[in-house]
């Protein structure tokens, strides 16, 4: 595997379910990100982990819970979601040791909340 | 506050035509970084170019070229001799060098065969 991978690619869940999104990067990066992409809205940064520490939490509801066990893996745990949480969730990674590094994105998980 | 504006929501051109995607940004910082990404139907954002605020030199990569003008706070992207494979949503983004990227709303480009 190369680049940034995300599983699952598609997920349908009910409002009472608990599920997790997984992201893995094979680029040797040490910063990872979760973004939400909704229709007709700019990409919204949700969480940032740099050197395995959370450095950004953009007022995301607590029903979204990130986890970064090491520099290569990032999870987004979901519980009690709302229909408006349906979106494409994108993971990205970058190097944290240089200013203005480009981020590399995974293919995303298309989430539908019923 | 930083902001990126991509005023063109959708553009359609016939194959082999040239097309320019506009990006205007707002920032009070003197050091910043600008990016362009491509999002094909598959969903993943593909990095195209990074430019820092001290480098106004235009860049050409094959059929792609970028025009960075600090005087007008613009970082426009031109595709020459467009092809159907160029059909995608293109995003312009801005950062101050930390981990936060501010994206524009994107321009959906459709190349008509």
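Chains as they are written, first to last, in the working numbering: chain F, 314 to 427; chain S, 66 to 178.
Ideal Cβ placement from N, Cα and C applies to all residues, glycine included.
Source: prediction; values computed, not measured.
Nearest chain S C-beta to residue i closer than 8 Å, yes or no?
i	result
residue 344(F)	yes
residue 368(F)	yes
residue 420(F)	yes
residue 397(F)	no
residue 413(F)	yes
residue 338(F)	no
residue 388(F)	no
residue 403(F)	yes
residue 417(F)	yes
Tell me, please, which residues DSSP counts as bridged to residue i.
i	result
residue 349(F)	357(F), 402(F)
residue 157(S)	101(S)
residue 390(F)	333(F), 378(F)
In chain order, what residues of the same chain lie with their CB nearer than 6 Å to the CB of residue i, ignoring the 5 residues before and after it?
i	result
residue 398(F)	426
residue 94(S)	161
Can you find a C-beta in chain F that's less than 8 Å from the C-beta of residue i?
i	result
residue 164(S)	yes
Who are the near neighbours of residue i in its chain, counting only those whose CB is closer than 7 Å to its CB and skipping five residues on each side?
i	result
residue 359(F)	347, 348, 349, 371, 373, 377
residue 70(S)	89, 169
For residue i, collect the residues of the same chain with a Cβ closer than 8 Å to its Cβ; drop the 5 residues on either side in sequence, then sort them by chain order.
i	result
residue 383(F)	365
Quick check: is any heavy atom of the ligand GTP less than 7 Å from the C-beta of residue i?
i	result
residue 89(S)	In terms of ligand content, the structure shown is empty, and the ligand GTP therefore cannot be addressed.
Tell me, please, whether the CB atom of residue i is closer than 8 Å to any CB atom in chain B?
i	result
residue 80(S)	Checking the listed chains, one finds no chain B in this structure; the protein chains it contains are F and S.
Which of the residues in the segment 80 to 107 of chain S, read from start to end, lie with their CB under 7 Å from any CB of chain F?
98, 100, 107
Pull out every residue of the segment 105 to 135 of chain S whose Cβ sits closer than 7 Å to any Cβ of chain F, in chain order.
107, 108, 109, 110, 112, 115, 117
With a threshold of 8 Å, are at least 3 pairs of Cβ atoms found where one atom belongs to the segment 76 to 85 of chain S and the other to the segment 409 to 425 of chain F?
no
May I ask you to list, following chain order, the residues of the segment 144 to 178 of chain S that have a beta carbon less than 9 Å from some beta carbon of chain F?
Close to chain F, meaning a Cβ-Cβ distance shorter than 9 Å, are the following residues of the segment 144 to 178 of chain S: 156, 158, 160, 161, 162, 163, 164, 165, 166, 167, 168, 169, 170, 171.
Evaluate the contact criterion for the segment 125 to 135 of chain S versus the segment 323 to 335 of chain F: three or more CB pairs, one atom per stretch, below 8 Å.
They do not touch, by the three-pair rule.
Scan the segment 349 to 374 of chain F for residues whose Cβ lies nearer than 7 Å to a Cβ of chain S and list them as they occur along the chain.
355, 356, 358, 361, 363, 368, 369
Does the pairing of the segment 165 to 175 of chain S with the segment 146 to 154 of chain S give three or more beta-carbon distances under 8 Å?
yes
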